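K.L.:
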Amino acid sequence: QKEVEQNSGPLSVPEGAIASLNCTYSDRGSQSFFWYRQYSGKSPELIMFIYSNGDKEDGRFTAQLNKASQYVSLLIRDSQPSDSATYLCAFRRAGTYKYIFGTGTRLKVLA
Amino acid sequence: GAVVSQHPSRVICKSGTSVKIECRSLDFQATTMFWYRQFPKQSLMLMATSNEGSKATYEQGVEKDKFLINHASLTLSTLTVTSAHPEDSSFYICSAATGSRNEKLFFGSGTQLSVL
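Going down the list, the sequences are from chains A and B.
Per our numbering, residue 2 is the first one in the first sequence, and the count goes up by one each step.
Per our numbering, residue 52 is the first one in the second sequence, and the count goes up by one each step.
1. Can a CB atom of chain A be found closer than 8 Å to the CB of Ser128 (chain B)?
2. Where Leu111 (chain A) and Ser85 (chain A) are concerned, what is the direct C-alpha to C-alpha distance, given to the nearest angstrom?
3. Could you tell me whether the region 159 to 167 of chain B touches the region 95 to 104 of chain B, where touching means 3 or more Cβ pairs closer than 8 Å?
4. Taking only the alpha-carbon atoms, compute the straight-line gap between Tyr87 (chain B) and Gln39 (chain A) and give it to the nearest angstrom.
5. Across the region 4 to 24 of chain A and the region 67 to 75 of chain A, are there enough close Cβ pairs to call them in contact, namely three or more that are closer than 8 Å?
6. What is the C-beta distance between Phe92 (chain A) and Phe50 (chain A), in whole angstroms, given that I count them as a contact (C-beta under 8 Å)?
7. Given that a residue counts as buried once 16 or more other Cβ atoms are within 10 Å of its Cβ, and exposed if not, what is Ile63 (chain B)?
8. Is the region 3 to 15 of chain A in contact with the region 52 to 69 of chain A, if contact means three or more CB pairs nearer than 8 Å?
9. Can you confirm whether the region 132 to 140 of chain B touches the region 65 to 74 of chain B when touching is taken to mean that 3 or more C-beta pairs between the two stretches lie within less than 8 Å?
10. Ile144 (chain B): which of A:Ala20, A:Ser13, A:Pro45 sits nearest, CA to CA?
11. Tell me which residues of the region 89 to 109 of chain B have at least one Cβ-Cβ distance to chain A shorter than 7 Å, keeping chain order.
12. Whose Cβ in chain B lies nearer than 8 Å to the Cβ of Leu89 (chain A)?
13. Which residues share a DSSP beta bridge with Phe118 (chain B)?
14. What ranges does the beta strand (DSSP E) occupy inside the region 54 to 133 of chain B, keeping only unbroken runs of at least 3 residues that lie completely in it?
15. Consult DSSP for Glu138 (chain B) and reduce its assignment to one of helix, strand or coil.
16. Determine the chain A residues that contact Gly159 (chain B) at a beta-carbon separation under 7 Å, and present them in chain order.
17. When burial is assigned at 16 or more other CB atoms within 10 Å of the CB, is Asp139 (chain B) buried or exposed?
18. So, does the CB of Leu156 (chain B) fall closer than 8 Å to a CB anywhere in chain A?
19. Spatial neighbours of Glu16 (chain A) within its chain, please: C-beta separation below 8 Å, excluding the five flanking residues on both sides.
20. Please report the residue range of the beta strand (DSSP E) in which Asn67 (chain A) lies.
21. Going by DSSP, what residues sit across from Tyr37 (chain A) in a beta bridge?
22. List the residues of chain A whose Cβ lies closer than 7 Å to the Cβ of Ile144 (chain B), in chain order.
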């Protein structure tokens, strides 16, 4: 079992729609979860982090964490073509400095 | 977010040469930096954790003598790929953690290494 599981996609949504990206993780002890956006040929950019169960909103982005079910999701409202990228889910392994990344979900927002 | 600068952004070299990549934290001090490698359409793979003033910690399967890491100051870590071969061609990305809980990981812009 991979430590972080993400659907590779591509996930295609029309412009203006809500994009929903999901991720499951295996480390029950982890306390810190992150979503990164990576454009082709570029390095990842941190867009959301969440430490507590529930929802966290920042602009058009909402991260949702459910530790009991070991999943974290990212909602992007009013999706724009510029949101088209690969979204990487990551967590910091409990008790370490190690960050574990998923393989990413490729999102395509269609104009 | 915090700024991590990485140079060069692209290197093309002949097989057998050594390549040095620099990673700097511009607006914060980083006692720990991380070096990742990413092959096309794959996820980030942690290569090593760079600790200021001490030896780097390498992940299993990463050759210490091939990937030399030096973290001489709180703002600079370097990765040297020694005697590079075509199979070392990859996207190398450095990162550093900061924030109130020192948990937000910020990345440099990456170095695309192509070994001919």
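Where a beta carbon is used, it is the ideal one built from N, C-alpha and C, also for glycine.
Model, not experiment: these values are computed from the prediction.
P.N.:
If we stick to the structure as given:
1. With 8 Å as the cut-off, Ser128 (chain B) does not count as an interface residue toward chain A.
2. Leu111 (chain A) and Ser85 (chain A) have their C-alpha atoms spaced approximately 9 Å apart.
3. Judged by Cβ distances under 8 Å, the region 159 to 167 of chain B makes no contact with the region 95 to 104 of chain B, as fewer than three pairs qualify.
4. Tyr87 (chain B) and Gln39 (chain A): Cα-Cα distance of roughly 14 Å.
5. Judged by Cβ distances under 8 Å, the region 4 to 24 of chain A makes contact with the region 67 to 75 of chain A, as three or more pairs qualify.
6. In fact, because the Cβ distance is near 10 Å, the residues do not count as touching under 8 Å.
7. Flag for Ile63 (chain B) reads exposed.
8. No, the region 3 to 15 of chain A does not touch the region 52 to 69 of chain A.
9. The region 65 to 74 of chain B vs the region 132 to 140 of chain B: in contact.
10. The option with the nearest alpha carbon to Ile144 (chain B) is A:Pro45.
11. Considering only beta carbons, the part of the region 89 to 109 of chain B lying closer than 7 Å to chain A consists of Gln93, Ser94, Leu95, Leu97, Thr100, in chain order.
12. Within chain B, the residues whose beta carbon sits less than 8 Å from that of Leu89 (chain A) are Ser94, Leu95, listed in sequence order.
13. Phe118 (chain B) is bridged by DSSP to B:Val132.
14. 55 to 58, 61 to 64, 70 to 76, 83 to 89, 96 to 102, 118 to 124, 127 to 132, all fully within the region 54 to 133 of chain B.
15. In the structure shown, Glu138 (chain B) adopts helical secondary structure according to DSSP, grouped into three states.
16. Per Cβ cutoff of 7 Å: Ser44.
17. Asp139 (chain B) should be labelled buried.
18. With 8 Å as the cut-off, Leu156 (chain B) counts as an interface residue toward chain A.
19. Contacts found: Ser80, Gln81, Pro82, Val110, Leu111, Ala112.
20. Element bounds for Asn67 (chain A): 62 to 67.
21. Partner(s): A:Leu47, A:Leu89.
22. Going along chain A in sequence order, the residues near Ile144 (chain B) (Cβ under 7 Å) are Ser44.
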